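Written out below as structure tokens is the structure these notes cover.
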């Protein structure tokens with residue numbers, strides 16, 4: 009069992025609960041028995057059923073919408089269930105958390121230059137170094153340290169969510185493949201497993217090559233960056249007006 013559950017807050021932040029595996033891997037190649045079991049919330053036994061439940065809800069919702077449109081327009085609606093909507097309903101709490109981590113980290117990244125500016129002004133205008141200088145130095149340390157911790161948690165939850173999304177979609181595809189009849193399999197392909205391999209690009213489209221999956225976080229980060237940069241430039245008189 010993974011010691012992460014019983015680890016303290018400091019141990020989780022610094023990942024000291026994982027030090028034993030790192031030390032053991034430094035001494036010799038790791039084996040399967042040296043690794044911890046996945047947390048129950050991160051395993052496919054938990055992720056796949058939750059996603060399948062949301063997918064069934066999305067399929068039923070699409071069918072009801074098709075029936076409603078057909079009754080009014082007397083035409084068949086070819087609207088298909090939305091995989092993204094099902095993924096959002098499954099992982100929306102984690103995605104929002106990841107987005108907040110990224111937004112807070114970006115806000116702190118704008119705070120550091122402002123503190124450094126005050127430190128420079130203090131050093132230029134003050135002849136004796138009083139408590140204000142120590143206060144600016146401490147504030148800069150707290151901001152940079154907090155930004156590092158928040159970015160660390162952002163990376164962790166981001167990559168963990170990416171792994172869960174891949175697991176959920178792969179599980180749904182393979183379960184669908186197992187339910188296919190022999191006739192359907194023969195229609196799909198003449199070789200074993202070919203009906204599953206074309207679905208790989210669909211799975212990979214939800215996360216890029218570095219294993220990140222957080223479109224909401226990137227949207228929030230872009231909004232903060234595009235809004236914060238002009239504001240800081242304006243307040244520091246970086247724009248010149250004719």
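Residue numbers (my numbering): 9 to 250. All C-beta atoms in this analysis are idealised placements derived from N, C-alpha and C, irrespective of residue type, glycine included. Please read all numbers here as calculations on a predicted model, not as lab measurements.
Smallest Cα separation from residue i: which of the options?
i, options, result
"residue 149", "119, 90, 182", "119"
"residue 89", "42, 71, 39, 37", "71"
"residue 271", "131, 167, 153, 159", "In the structure as shown, the chain starts at 9 and stops at 250, and residue 271 therefore has no counterpart that could be examined."
"residue 126", "147, 117, 74", "147"
"residue 49", "131, 102, 142, 160", "102"
"residue 152", "38, 139, 138, 123", "123"
"residue 181", "139, 96, 57, 138", "57"
Mark residue i as exposed unless 16 or more other C-beta atoms lie within 10 angstroms of its C-beta, in which case mark it buried.
i, result
"residue 114", "buried"
"residue 110", "buried"
"residue 170", "buried"
"residue 144", "buried"
"residue 21", "exposed"
"residue 104", "exposed"
"residue 76", "exposed"
"residue 186", "exposed"
"residue 162", "buried"
"residue 165", "buried"
"residue 11", "exposed"
"residue 206", "A caution first: residue 206 carries a pLDDT of 46, below 50, which makes its placement in the model unreliable, though a value can still be read off. Exposed."
"residue 129", "exposed"
"residue 44", "exposed"
"residue 23", "exposed"
Starting from the C-beta of residue i, find all residues in its chain whose C-beta is less than 6 Å away, skip the five residues before and the five after it, and write them out in chain order.
i, result
"residue 55", "172, 175, 176"
"residue 217", "Unreliable positioning characterises residue 217 in this predicted model, as indicated by a pLDDT of 42, which lies under 50. The coordinate reading is nonetheless provided below. Correct list: empty, nothing qualifies."
Identify, in the order they occur along the chain, each residue of the same chain with its Cβ nearer than 7 Å to the Cβ of residue i, setting aside the five sequence neighbours on each side.
i, result
"residue 52", "175, 179"
"residue 3", "No information on residue 3 is available, as it lies outside the stretch 9 to 250 that the chain covers here."
"residue 155", "113, 116, 117"
"residue 42", "29, 32"
Just to confirm my understanding: we take residue i, look at its own chain, exclude 5 residues before and 5 after, and list those with CB closer than 8 Å. What are they?
i, result
"residue 157", "21"
"residue 94", "59, 62, 63, 65, 66"
"residue 47", "10, 12, 13"
"residue 141", "127, 130, 131, 134"
"residue 184", "none"
"residue 97", "62, 65, 66"
Check whether the region 59-70 touches the region 10-30, counting contact only when three or more Cβ pairs, one atom from each stretch, lie closer than 8 Å.
-> no
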